[in-house]
Structure formats: C-alpha cells, structure tokens
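Going by the numbering used here, the residue at position 181 of the sequence shown is 181; the numbering climbs one at a time, nothing skipped. All C-beta atoms, glycine included, are put in the ideal place defined by N, C-alpha and C. The next block holds one structure in the form of structure tokens; read it before the comments.
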Amino acid sequence: MQQQIYEVSQINEYLKLRFEEDEFLSAVFIRGEISNYKLYPSGHHYFSLKDANGAIRCVMFKGNAFRLRFRPENGMKVIAFGRISVFPRDGAYQLYCADMTPDGIGDLHVAFEQLKAKLQAQGLFSQERKKPLPKFPHRIAIVTSSAGAALRDMLRILRKRYPLCEVKLLAVRVQGEEAPGEIAAAIRYANRFRVADLIITGRGGGSIEDLWAFNDERVAYAIAESEIPVISAVGHEPDVTISDFVADLRAATPSNAAELAVPDQLELRQQLDAKRSLLLTLMQKKLKQERQAVSSLASARSLRSPINYLNDQRLRLDYTHRRLGAASTALLNQNREQFVRLTAKLDAMSPLKVLGRGYSVTLKENGQLVKSVKAVKCGDSLTVRMSDGKLTAQVQEVFE
C-alpha cells in the first residue's frame, strides 16, 4: 500500500481548519505577561503572553487595537480575549486578540466580556434592530435614582432646551444587588402602560462596581425588548456598559442624554424665523406676479373697449355661421344623392321585381324554400307565391 505524501502547506491548512472548528479555542480568555511587544506602522500589535511555564504568540489587528483604553507595555500583566488559530505560512499557532484589559480588574471584566459575547451572538447589538428616537417627544420617562446629581442635570437641560416635553421619573436604585431588577422592572412598566414615548436610563459616574447594575443581563433584555426607544446614559464618556451596546442610542453622560433626547428651542425658533422670512419672500413674489397679471389684463383691448371687442366677436360668429350653413347644405345634398343611388340598387335587386316578370317562389309548410324536386314528395302541401298573391298546391307526382 502506497503511503500518501502531503505538502507542508496542506498540513498547515489542515491544522488551521481543526483549530477553527474547536469551539473552546474560538473564544478564550488568557491571563499572562506581555513580552516582545512591537507596534508596527500598519497599526497591528504583535507580542507574546507568558507565564512561569510557557508562552503563546499573539497578534491584535489595528481595528481591535483602536478600541484599547491603554497602551500595552512589556512586563504588563493583562487578560487577553480572542481566538486561537494557525498561521499557515509559519505553521505556528497564535492568539488573534480581539480585546485586552490590564489584569487586576478580576472576575467582573471576565463576566462583562462573556455577557457581551453572548448578547452580541444573539443579535442584541445589531444596528438593524435599533429604533429611531422621536423628533419631538411629548413625554420622557427617566429611569434613575431620585437622589442623584445626574437626575438634576437632566431635568435642568430638558427644561431649558424643550419645556414642552413632560418628564416622568421612575425612581429606582442604580447600585447594589437590588438595582438591576428595579431598573428592568421600571423599563417594562413604562412599556406596559405607555407612560412615555422615550426612555432615558442611567446614572452618574463611578467605579466598575458602582456601574455594574447596567452590566446585568436582566437590564440588557429589558432594554432590548422595549418597544419605546431607550437612551443609555451611564457614567462618564470613557465608561462603557452592556446597556450602552443594547440601547437604541448611547449617550456619553446623563447630561448628553438630555441633549440628544430633545431639540433645542433656540434652534427651533431660529428655524421658524428662517421659514417665516422665506414664506414672506415667496408671498411678496407671488403678489408681484399677480399685480403684473392684473396690469396686463387692464391693458387688454377687451377691457379697454368692450363694445368693439363684442362687435369683432359678432362678425366672427356670423362668418362661422355662414360656413357651418354651407357645409351642412353640402353634406345634406351629398347624403341625399347617395340615398337615391342605394334605393335604386335595392329596388333592382328586390325579389318582388322578379315575381312581377311572371316568376314565382315555392315554399314548404314550414316556410323553407323549395330549390329541388328532391326536397318534396307526393302528398306534400306547398305554397306558391306570385307577384299579386299566393296559392296552396299539393304534390301529385314528382319528376326528376
């Protein structure tokens, strides 16, 4: 039996395929120390992660590295997230790093990344499912703490920018074990009773532990299921939570959420003034055109001398009347001549003319015309029609 021989590249491609089919290797967190770190002009990051007993090569491409909130350095302990696969050219496996955080954040970050990956796989972050915000909201429900500074900032900005909007506060705890359940319940309450046409949920800044209620799975599903558009406004601009990914719009801060939720009344007034000026200009232009039209009509001969105009129309009417009369007479004569010709033709072809010359027409009892002796037999009654009447006869004998 001949042993099959493979090319090196075939083996490498086979190993790459086996690595990529392994679900465990498709999304893995690795803790280690950075070494051999290099940032290439292309923007890609190349490094190794090592511990006391081993090392693994890693690469983070520019698109993923752009989201890093720190600059990696040799000797830094980190937690890297990504997939492990084989690079066919070298035949070496490596970690294709999608995200990385300094070690020390602990289990919270791992839980955050795991939930983020789970919800992303379910399509909750998809741009297609995000709902547009109402341009002019009538009622806004704010789901936050009643004692926080974030609420006061939002109320101040909403009142200043768009006082026509009614604001309803759904007070909840935004920190602690009870907070996620209260936030999710408030969002569902707002949807069930349609208390608003826009929801803002969030809180002021804090540590990752303080903001953790907005990284809870229950809050994420409540936002995703909301039929009312939701703005997530958690912490300060660098802070990112799961609710930011799921919400229809992410605001950098609670104050920014209030700015995004409603239009600015000053800008609306400016737009209305501009439209008023445009409308006034168009009306003046229209009036000018109508005045010109009236002036043109006033200078028309029919208005300056209506009697002369009427006399001209009378002459035109008489001329038209004469033409119509002549045309009608000619048409009538033409039709009369045609009628006489057709009548003569019809009279010449009339069967009565033939009967007048001594011919007759023989009919059977059912009125059928007798054209051949084969159509009758002895004893049949026949009707013979002539020019001045008809008679009834009986067949005595048939000769062919």
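Measuring only the C-alpha atoms, how far is residue i from residue j?
i: D273; j: P163; result: 19 Å
i: S48; j: R203; result: 39 Å
i: S322; j: R336; result: Residue identity differs from the one stated: residue 322 is Arg in this sequence, not Ser. One C-alpha to the other measures close to 21 Å.
i: A27; j: A52; result: 23 Å
i: Q127; j: N64; result: 19 Å
i: D388; j: E397; result: 26 Å
i: M283; j: D248; result: 42 Å
i: K364; j: K374; result: 12 Å
i: A344; j: Q338; result: 10 Å
i: A330; j: M349; result: 29 Å
i: E23; j: P238; result: 32 Å
i: G378; j: L332; result: Looking at the sequence itself, residue 378 is Cys, so the reference to Gly does not match. Going by the C-alpha atoms only, they are around 57 Å apart.
i: F245; j: R129; result: 12 Å
i: K160; j: N256; result: 13 Å
i: I231; j: P41; result: 38 Å
i: V294; j: L266; result: 42 Å
i: M154; j: I200; result: 10 Å
i: R156; j: Q114; result: 37 Å
i: Q394; j: G367; result: 15 Å
i: T281; j: R291; result: 15 Å
i: L287; j: G205; result: 60 Å
i: Q334; j: D312; result: 33 Å
i: R341; j: Y319; result: 34 Å
i: K50; j: M76; result: 11 Å
Take residue i as the anchor and find which of the options has the nearest alpha-carbon.
i: A213; options: P180, R192, D244 and I242; result: P180
i: P137; options: I228, R316, Q122 and E21; result: I228
i: K390; options: T362, K371 and S35; result: T362
i: N82; options: E73, R57, S360 and V262; result: Asn is not the amino acid found at residue 82; the sequence shown has Gly there. Of the listed residues, the one whose Cα sits closest to G82 is R57.
i: R31; options: E7, L68, P102 and E13; result: P102
i: V234; options: E21, A258, A224 and S226; result: A258
i: R192; options: A222, G206, E217 and L211; result: A222
i: V8; options: N74, D90 and L17; result: D90
i: R139; options: L119, V262, A55 and D99; result: V262
i: R67; options: A55, P88, D99 and N74; result: D99
i: V78; options: M386, Q114, A326 and I34; result: I34
i: G176; options: M386, L342 and I208; result: I208
i: V240; options: L268, L280, L211 and R276; result: L211
i: A55; options: D380, L95 and L342; result: L95
i: H236; options: A149, P306 and I5; result: A149
i: Q122; options: A224, F29, E178 and A80; result: A224
For residue i, which residues from the same chain have a beta carbon less than 6 Å from its beta carbon, with the 5 sequence-adjacent residues on both sides left out?
i: S145; result: V174
i: F112; result: N215
i: M60; result: H45 and C97
i: D264; result: R161
Take residue i and list the residues in its own chain whose beta-carbon comes closer than 7 Å to its own, dropping the five residues that flank it on each side.
i: L15; result: V86
i: F19; result: L25, I84, S85, V86 and Y93
i: A186; result: V143, L170 and V172
i: G43; result: K62 and A65
i: R218; result: P180, G181 and A184
i: N74; result: I34, S35 and Y37
i: K131; result: P229 and D248
Spatial neighbours of residue i within its chain, please: C-beta separation below 8 Å, excluding the five flanking residues on both sides.
i: Y189; result: L170 and V195
i: A134; result: The sequence shown places Pro at residue 134, rather than the Ala named in the question. Within the same chain, P134 has close Cβ partners D197, L198 and P229.
i: R316; result: none
i: L151; result: I142, T144, S145, L169 and P254
i: L158; result: I140, C165, V167, A258, A261 and V262
i: T392; result: S381, L382, T383 and V384
i: E400; result: V373 and K374
What does residue i pair with, by DSSP beta-bridge criteria?
i: C58; result: F47 and L95
i: R139; result: E166
i: I228; result: Partner(s): none; I228 has no beta bridge.
i: K38; result: Y46
i: I199; result: A141 and V230
i: K118; result: Bridge partners of K118: none, in fact.
i: K377; result: According to DSSP, K377 bridges with nothing at all.
i: S255; result: None; S255 has no bridge partner.
i: F416; result: The chain is shown only over 1 to 400; residue 416 falls outside these bounds and no answer can be derived.
i: L249; result: I231
i: Q394; result: S381
i: G389; result: M386
i: A171; result: T144
i: V401; result: The shown model of the chain, from 1 to 400, leaves out residue 401, and the question about it has no answer.
i: F87; result: A92
Can you tell me the Cβ-Cβ gap for residue i and residue j, rounded? I've got them flagged as a contact below 8 Å.
i: P72; j: Y37; result: 6 Å
i: V376; j: V384; result: Their Cβ separation, rounded to whole angstroms, is 12 Å, which puts V376 and V384 out of contact at 8 Å.
i: L124; j: A251; result: Between A251 and L124 the Cβ distance is about 18 Å, and since that is not below 8 Å, they are no contact.
i: I242; j: L108; result: Not confirmed; about 12 Å, so no contact.
i: E13; j: P88; result: 6 Å
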